[in-house]
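Peer 1: These protein sequence lines map, in sequence, to chains R, L, C and H.
With positions in the first sequence counted from 1, the corresponding number in my numbering is that position plus 3.
With positions in the second sequence counted from 1, the corresponding number in my numbering is that position plus 3.
With positions in the third sequence counted from 1, the corresponding number in my numbering is that position plus 3.
With positions in the fourth sequence counted from 1, the corresponding number in my numbering is that position plus 3.
Number of protein chains: 4
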Amino acid sequence: MEAPTAPEWQVDVWLNTPAPLELSQFRGRVVLLHAFQMLCPGYVSHAVPQAERVHREYAELGVSVVGLHTVFEHHAAMTPVALEAFLHEYRVTHPVGADVAVAGTPVPETMNRCGMRGTPTLVLIDRAGKLRLHEFERMDDLRLGMMLGRLLAEGLQAGGATQEAGSRLVISRSDGTGVSSWPAG
Amino acid sequence: MEAPTAPEWQVDVWLNTPAPLELSQFRGRVVLLHAFQMLCPGYVSHAVPQAERVHREYAELGVSVVGLHTVFEHHAAMTPVALEAFLHEYRVTHPVGADVAVAGTPVPETMNRCGMRGTPTLVLIDRAGKLRLHEFERMDDLRLGMMLGRLLAEGLQAGGATQEAGSRLVISRSDGTGVSSWPAG
Amino acid sequence: MEAPTAPEWQVDVWLNTPAPLELSQFRGRVVLLHAFQMLCPGYVSHAVPQAERVHREYAELGVSVVGLHTVFEHHAAMTPVALEAFLHEYRVTHPVGADVAVAGTPVPETMNRCGMRGTPTLVLIDRAGKLRLHEFERMDDLRLGMMLGRLLAEGLQAGGATQEAGSRLVISRSDGTGVSSWPAG
Amino acid sequence: MEAPTAPEWQVDVWLNTPAPLELSQFRGRVVLLHAFQMLCPGYVSHAVPQAERVHREYAELGVSVVGLHTVFEHHAAMTPVALEAFLHEYRVTHPVGADVAVAGTPVPETMNRCGMRGTPTLVLIDRAGKLRLHEFERMDDLRLGMMLGRLLAEGLQAGGATQEAGSRLVISRSDGTGVSSWPAG
Numbered sequence: 004m005e006a007p008t009a010p011e012w013q014v015d016v017w018l019n020t021p022a023p024l025e026l027s028q029f030r031g032r033v034v035l036l037h038a039f040q041m042l043c044p045g046y047v048s049h050a051v052p053q054a055e056r057v058h059r060e061y062a063e064l065g066v067s068v069v070g071l072h073t074v075f076e077h078h079a080a081m082t083p084v085a086l087e088a089f090l091h092e093y094r095v096t097h098p099v100g101a102d103v104a105v106a107g108t109p110v111p112e113t114m115n116r117c118g119m120r121g122t123p124t125l126v127l128i129d130r131a132g133k134l135r136l137h138e139f140e141r142m143d144d145l146r147l148g149m150m151l152g153r154l155l156a157e158g159l160q161a162g163g164a165t166q167e168a169g170s171r172l173v174i175s176r177s178d179g180t181g182v183s184s185w186p187a188g
Numbered sequence: 004m005e006a007p008t009a010p011e012w013q014v015d016v017w018l019n020t021p022a023p024l025e026l027s028q029f030r031g032r033v034v035l036l037h038a039f040q041m042l043c044p045g046y047v048s049h050a051v052p053q054a055e056r057v058h059r060e061y062a063e064l065g066v067s068v069v070g071l072h073t074v075f076e077h078h079a080a081m082t083p084v085a086l087e088a089f090l091h092e093y094r095v096t097h098p099v100g101a102d103v104a105v106a107g108t109p110v111p112e113t114m115n116r117c118g119m120r121g122t123p124t125l126v127l128i129d130r131a132g133k134l135r136l137h138e139f140e141r142m143d144d145l146r147l148g149m150m151l152g153r154l155l156a157e158g159l160q161a162g163g164a165t166q167e168a169g170s171r172l173v174i175s176r177s178d179g180t181g182v183s184s185w186p187a188g
Numbered sequence: 004m005e006a007p008t009a010p011e012w013q014v015d016v017w018l019n020t021p022a023p024l025e026l027s028q029f030r031g032r033v034v035l036l037h038a039f040q041m042l043c044p045g046y047v048s049h050a051v052p053q054a055e056r057v058h059r060e061y062a063e064l065g066v067s068v069v070g071l072h073t074v075f076e077h078h079a080a081m082t083p084v085a086l087e088a089f090l091h092e093y094r095v096t097h098p099v100g101a102d103v104a105v106a107g108t109p110v111p112e113t114m115n116r117c118g119m120r121g122t123p124t125l126v127l128i129d130r131a132g133k134l135r136l137h138e139f140e141r142m143d144d145l146r147l148g149m150m151l152g153r154l155l156a157e158g159l160q161a162g163g164a165t166q167e168a169g170s171r172l173v174i175s176r177s178d179g180t181g182v183s184s185w186p187a188g
Numbered sequence: 004m005e006a007p008t009a010p011e012w013q014v015d016v017w018l019n020t021p022a023p024l025e026l027s028q029f030r031g032r033v034v035l036l037h038a039f040q041m042l043c044p045g046y047v048s049h050a051v052p053q054a055e056r057v058h059r060e061y062a063e064l065g066v067s068v069v070g071l072h073t074v075f076e077h078h079a080a081m082t083p084v085a086l087e088a089f090l091h092e093y094r095v096t097h098p099v100g101a102d103v104a105v106a107g108t109p110v111p112e113t114m115n116r117c118g119m120r121g122t123p124t125l126v127l128i129d130r131a132g133k134l135r136l137h138e139f140e141r142m143d144d145l146r147l148g149m150m151l152g153r154l155l156a157e158g159l160q161a162g163g164a165t166q167e168a169g170s171r172l173v174i175s176r177s178d179g180t181g182v183s184s185w186p187a188g
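(1) Taking the C-alpha atoms as reference points, what is the distance between A23 of chain H and E157 of chain H?
(2) Is any beta-carbon of chain L found at less than 9 Å from that of D102 of chain R?
(3) Just the chain R side, please: which residues come within less than 7 Å of E92 of chain C by C-beta, in chain order?
(4) Contact criterion: CB-CB distance below 9 Å. Does A106 of chain C meet it with respect to chain R?
(5) Would you identify the three-state DSSP class for L125 of chain H, choosing helix, strand or coil?
(6) Hey, is V47 of chain C's beta-carbon within less than 9 Å of any beta-carbon in chain R?
(7) Suppose the cutoff is 7 Å on Cβ atoms and the five residues either side in sequence are ignored; what does the same chain contact list for T122 of chain L look like?
(8) Keeping to the same chain, check which residues put their C-beta closer than 7 Å to that of W12 of chain C; ignore five residues upstream and five downstream.
(9) By the 9 Å beta-carbon criterion, what residues does the region 144-159 of chain C contribute toward chain H?
(10) Comparing alpha-carbon positions, which option in H:V103, H:G31, H:R94 lies nearest R116 of chain H?
(11) Skipping 5 residues on each side, what residues in its chain have a beta carbon closer than 6 Å to that of A164 of chain H?
(12) Counting only beta-carbon separations shorter than 9 Å, does R59 of chain H have a partner in chain C?
(13) In the DSSP output, which residue or residues are listed as bridge partners for G100 of chain C?
(14) To the nearest angstrom, how far is it from the Cα of P10 of chain L to the Cα of S67 of chain L?
(15) Which residue marks the beginning of the alpha helix (DSSP H) containing V34 of chain L, and which one marks its end?
(16) Mind checking which residues open and close the alpha helix (DSSP H) that includes F29 of chain C?
(17) Hey, out of R:M81, R:D129, R:T124, whose CA is closest to R141 of chain R's CA?
(18) Return the residues of the region 57-86 of chain R that lie within a Cβ-Cβ distance of less than 7 Å from chain C, sorted by chain order.
(19) Using the three-state DSSP reduction, which class does E138 of chain C fall into: helix, strand or coil?
(20) What did DSSP end up calling V110 of chain L once you bin it into helix, strand or coil?
(21) Could you check what DSSP says for V57 of chain R in three-state terms: helix, strand or coil?
(22) So, is the C-beta of L89 of chain H closer than 9 Å to a C-beta in chain L?
(23) Please tell me whether Q13 of chain L has its Cβ less than 9 Å away from any Cβ of chain R.
(24) One question on the structure: do C57 of chain R and L136 of chain R come within less than 9 Å of each other, judged by their Cβ atoms?
(25) Just the Cα atoms here: how many angstroms apart are E138 of chain C and M119 of chain C?
(26) Using a Cβ-Cβ distance under 9 Å, would W17 of chain R count as near chain L?
(27) Just checking my contact of V126 of chain R with L36 of chain R at CB under 8 Å: how many whole Å lie between their CB atoms?
(28) Can you check whether the CB of V51 of chain C is closer than 9 Å to the CB of D129 of chain C?
(29) Assuming the contact rule is C-beta atoms closer than 8 Å, G31 of chain H and L155 of chain H should be a hit. Round their C-beta distance to whole Å, please.
(30) Use the C-beta contact count for R59 of chain H: other C-beta atoms within 10 angstroms, 16 or more gives buried, fewer gives exposed.
(31) V84 of chain C lies in the alpha helix (DSSP H); which residues open and close that run?
(32) Rounding to the nearest angstrom, what Cα-Cα distance links A6 of chain R and G132 of chain R in this structure?
(33) Which residue's Cα is closest to the Cα of F75 of chain C: R:P111, R:T8, R:A88, R:V16?
(34) For V66 of chain H, write down the residues that DSSP places opposite it in a beta bridge.
(35) Please report the straight-line C-alpha distance between V173 of chain L and E92 of chain L, rounded to a whole angstrom.
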């Protein structure tokens, strides 16, 4: 059974990016999309630093991180101006878009169309734009790393352009030397 | 530059396994070899639970975890009987071998041959028996997951036998349903 | 050198309390006053759960916890309605007052009068209404406990009414039995 | 009901002290006695750093920390030579005594006489040598601080010698200045 194509998000305010973003721009890269609300405790203590860290450490290897602010409660508290202050205070540097509000319902457009049940929700999209993971609740680092490592590898085998970056991922030592000295003799 | 073949370990006492293990038995699987000393604080608080967790959660997907007790100090304190008590108290269930002592030097055989600089040291060997990572000091879960995910993927693309297990790794939801419900409509 | 009398706070919106509070009401109790901003990461991950825990576990022994929302930046983001949502999401049940804004300056009234340098700030006031600690930056649990224990004890020696509650603090076992069984024989 | 007098410990090997210690030497000080086994995971990750920290930060204020190695299982693994290596590796600098073994039973002398149920066990003895707390299982920092603060305060009110040190405990700021600047005006 093939994975479905991930749908476009609907965003009306973007932060941390000079221009609006579309999912189709990221073809060829692995996309980590995380839906959150700025006043969600679990998000703030776990998912924010996790997503930001993936952005800072793995962008170069082919992962693009995008936040989606899916406000479905406390709308008066989580406005765009509050979101901007939040991103500043929490040192979030990856792009974040505000999900489009829908008249007559508390659930915003993208959240509704994607069937998200709450926050935090984490979505992984592969290099071909296919939806590969959609998970509600926090995800631990080991499991997230496993999935990202596999999705990054898929592109490497097929193509070649990112081969070099990928190799650096696994062949390295903490002191910067290669592994060819192992074994020593 | 091709990765070198990982050398065999030299072990004289095995725990948590009915029979002695050889690296060559693990061809086709990804091997996480971690060298430790039972009285090393960093190992006990971080590397032990990390290695045991990989063993419990990812053995089914193709990762084999092996501990190597490389005693190079406090030899009178870290004997096999002490190691056995340690593994019991720390609920370590993956196989652990005691590196062979060498007369006239505090550094044991495998540790010396492999050029390990201390504990904890973490080594990753791919499905083809090639050495892909040799790192001194603690490794965080995200980075370890990234590497394991990539090494597991290599075998999946080439072969087919483990395809099924690998697919389960990335296509799942926390509630057990598939991702085909995303998007909802 | 005697400790100075703690000044009254100036608050225009109260949450988690049926009526406005005044410091003078707390004479006879130890008061933990913590100044915060809801979008301050250090506060949210450390000072909030710490203050709430003192409130839940030590109110009975004589400690009153009061939060003071001292907004001096991002005023448009940290409004009373946002604060109310924040307290709800973070399960904060102790009383919180919003420091009174002052025209022409970003620093609110109480924060300015008390010489607070930023958030989080923690203030301890003894049973006699004297200021005993004013500290900027996070405080660890052990040190906070030490100070609260000492301040609580001062009242116990002088008076008697809270003697019983105080005794329960130190004479207890995790299984609920007393310590008289120690030694066993 | 008055607290019972704490009994003497029975120790045959002492580490981190130039001479054997007796409980009676500590009259006038608050004693934190913690019973442990070096291979007990909960002890190593929580109780060791906690006890060592109290020793390093609160000895000056009147708290004496003593460890008691109460081996009741894996006797061949937790010998004095292993304990010495353990204390070195875990940077434990406070005095530790090995509880005296008893022929015909796995439980050592002091552990048995004091009715300890296992490790970690934490015991608090006041300035007058009275037993004030005997608790099995880990204790959190806030609660331990509360108890130590109260026990330290008892001596301060009665006497006067340690008044100065005690005052420093609660009247201080993180930048080293006093609290007299609060309020500012």
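Heads up, the beta-carbon is just placed ideally off N, CA and C, and yes, glycines get one too.
Predicted model, so just to flag it, every value in this text is computed and none were measured.
Peer 2: Let's see:
(1) The question names Ala, but residue 23 of chain H is Pro in the sequence shown. Cα-Cα distance, rounded: 28 Å.
(2) no
(3) L42, C43, P44
(4) no
(5) strand
(6) yes
(7) A38, F39, Q40, C43, Y46, T73
(8) L26, L71, G100, T113
(9) D144, L145, R146, L147, G148, M149, M150, L151, G152, R153, L154, L155, A156, E157, L159
(10) H:V103
(11) Legend: pLDDT at A164 of chain H = 36, less than 50; position of this residue unreliable, value from coordinates given subsequently. Cβ neighbours of A164 of chain H beyond the five flanking positions: none.
(12) no
(13) C:W17, C:L71
(14) 16 Å
(15) Per DSSP, V34 of chain L belongs to no alpha helix (DSSP H); it is in the beta strand (DSSP E), 33-39.
(16) That residue, F29 of chain C, is in no alpha helix (DSSP H); it is neither H nor E in DSSP.
(17) R:T124
(18) H77, A79, A80, V84, A85
(19) strand
(20) coil
(21) helix
(22) Per the sequence presented here, residue 89 of chain H reads as Phe, with Leu not at that position. By this cut-off, F89 of chain H is an interface position.
(23) no
(24) Here residue 57 of chain R turns out to be Val, not Cys, going by the sequence shown. Going by C-beta atoms, V57 of chain R is not nearer than 9 Å to L136 of chain R.
(25) 9 Å
(26) no
(27) 4 Å
(28) no
(29) No, G31 of chain H and L155 of chain H are not in contact; Cβ-Cβ is about 11 Å, not under 8 Å.
(30) exposed
(31) 83-92
(32) 10 Å
(33) R:A88
(34) H:V33
(35) Per-residue confidence for V173 of chain L stands at a pLDDT of 32, beneath the threshold of 50, marking its modelled position as unreliable; no derived number is given.
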